[in-house]
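Asker: Input: one structure, supplied below.
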Amino acid sequence: MQMFKSEGKVRELFRKYGKTALATHLTIYTVSFSGLYVAIENHFDPKSLLIKYGLLSDKEVKDDADPKERGWFSNLLTGPSSSLALAFLCNKALMPVRAPLTLGLTPMVARALQQRAATAAGAAASKGSSTPVSTTTATSQARSAQIKDRASSKGPQ
Numbered sequence: 018m019q020m021f022k023s024e025g026k027v028r029e030l031f032r033k034y035g036k037t038a039l040a041t042h043l044t045i046y047t048v049s050f051s052g053l054y055v056a057i058e059n060h061f062d063p064k065s066l067l068i069k070y071g072l073l074s075d076k077e078v079k080d081d082a083d084p085k086e087r088g089w090f091s092n093l094l095t096g097p098s099s100s101l102a103l104a105f106l107c108n109k110a111l112m113p114v115r116a117p118l119t120l121g122l123t124p125m126v127a128r129a130l131q132q133r134a135a136t137a138a139g140a141a142a143s144k145g146s147s148t149p150v151s152t153t154t155a156t157s158q159a160r161s162a163q164i165k166d167r168a169s170s171k172g173p174q
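All residue numbers for the sequence shown refer to my numbering, where the first residue is 18 and numbers rise by one.
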């Protein structure tokens, strides 16, 4: 049941923040995947880790073992592309860590982007821009009201 609660939070987050939530999630995903890949490429031994957790047996990863005797999964994880495959699997396993990060960071990123936009609008207004700050603020408030109206009209699902 806990999974459904967090799934609802994620849906609400994406409804409320839209592109900002998506960009935040993809950034976290890319950073974690890249970090895992670099760690594995820098002499992290995936074979010992897989053996430790029972995902591979000792006989499957011996250098003298015939590749035909090993399964396709063992060949994938111990072959030349093992770093990429292992980074992908580890990144998938870290989803329970990435989801709360997305939930926590997205509102902060949205606030920072709004402050940056307001600062840029204020700077443009002080330089004689044709769009006054009050019009920009009214437009953003109207968009926020439209989003809230859409969310309330759908109701709980």
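Note that beta-carbon positions come from the ideal geometry of N, C-alpha and C, so glycine has one too.
1. Take every Cβ of the segment 29-37, pair it with every Cβ of the segment 117-137, and state whether three or more of those distances are shorter than 8 Å.
2. By Cβ distance, which residues of its chain are closer than 8 Å to Val27, with the 5 residues on each side in sequence left out?
3. Since Leu43 is in the alpha helix (DSSP H), which residue starts that stretch and which ends it?
4. For the alpha helix (DSSP H) containing Gly121, name the first residue and the last one.
5. Quick test of your reading: Ser100 and Glu58, contact by CB under 8 Å. State the CB separation rounded to the nearest angstrom.
6. Three or more C-beta pairs under 8 Å: does that hold for the segment 108-115 against the segment 45-53?
7. Would you decide whether Thr37 is buried or exposed? Buried here means 16 or more other CB atoms lie within 10 Å of its CB.
Answerer: On the basis of the coordinates in this document:
1. yes
2. Ala116, Thr119 and Leu120
3. Lys36 to Glu58
4. Unbroken alpha helix (DSSP H) run through Gly121: Met112 to Ser143.
5. 5 Å
6. As far as the Cβ criterion goes, the segment 108-115 touches the segment 45-53, which means the pair count is three or higher.
7. Per the 10 Å Cβ criterion, buried.
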